[in-house]
Every structure is written in C-alpha cells, then in structure tokens.
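Student:
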Amino acid sequence: EIAGLTAVPGKLVNVPRVGESPVAFECKVSDIVRLKGANGKEADAWLTLGEVVAVHIDKAMIKDGVYQTAAARPIVRAGRRGDYFEIKPENMFEMVRPD
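For the record, in the sequence shown the residue sitting at position 85 is 873 according to the numbering used here, with numbers rising by one throughout.
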C-alpha cells in the first residue's frame, strides 16, 4: 500500500507477488542453512534455498523467445548500505564466449 504497488495472489504459493513487476517467481523453501565463517564458527547469517514452482512473465518482455532483461530495467544492489543501480537497454553490450 505505502509503495502504491498491486498485490497479486500467488497461484501455487500463499504469498502475493508485485503485479507491476515484469517477472515474478513463486518459490517454496527447500532448505535453510546456517552459514559459517572462515574460522568454521557459525555465523549470524543464513542461506535460504528454494524451488521455483511458478513463473510469471509479462509477454511484452519476450522477443524472439528470449526474455529481454535490460528492457525490464531491473535494479541491483551494489556495495554499501544504500547503493543501487538500474540496468538499462542502452548499457547492454555483448561478450561472445570462446568455443
């Protein structure tokens, strides 16, 4: 509500997704693992693993059968506490993998 986004009910998971998002995954938790530091001691950090059970993709984001990541303009977290970047189509470049 505060963000002005639409909550859309999940089809297989009882958790809403963001209706305005061009792609959303519904997941079920498969494992939760407590992490350890390099010294072998348990850290106050956890890794949650999940299985994707449903995928919702805006058809406008698919071109020639390929999801157009940059067209969706995703936001990625970077570095410090509040640093984020937006991926834009004009910043895309191609790097061909060697055979």
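Think of the CB as a built atom: it goes at the ideal place given N, C-alpha and C, for glycine as much as any other residue.
On a predicted model such as this, the values are computed, not experimentally measured, just so you know.
For the candidate residues Arg822, Ala831, Val821, Thr857, whose alpha-carbon lies nearest to that of Phe881?
Tutor: Nearest of Arg822, Ala831, Val821, Thr857 to Phe881, Cα basis: Thr857.
Student: Taking the C-alpha atoms as reference points, what is the distance between Arg865 and Asp887?
Tutor: Roughly 32 angstroms separates the two Cα atoms.
Student: Near Leu800, which residues of its chain fall below 6 angstroms by C-beta distance, leaving aside the five closest residues on each side in sequence?
Tutor: Correct list, in chain order: Glu814, Val841, Ala842.
Student: Distance cutoff 8 angstroms, beta carbons only. Does Phe881 sit that close to anything in chain D?
Tutor: In summary, chain D is missing from the structure at hand, where a single protein chain is found.
Student: Considering only C-alpha positions, which residue in the set Gly838, Leu837, Val821 is nearest to Glu830?
Tutor: Answer by Cα proximity: Val821.
Student: Could you tell me the alpha carbon to alpha carbon distance between Ile875 and Gly853, rounded to whole angstroms?
Tutor: Using only the alpha carbons, I get a separation of about 20 angstroms.
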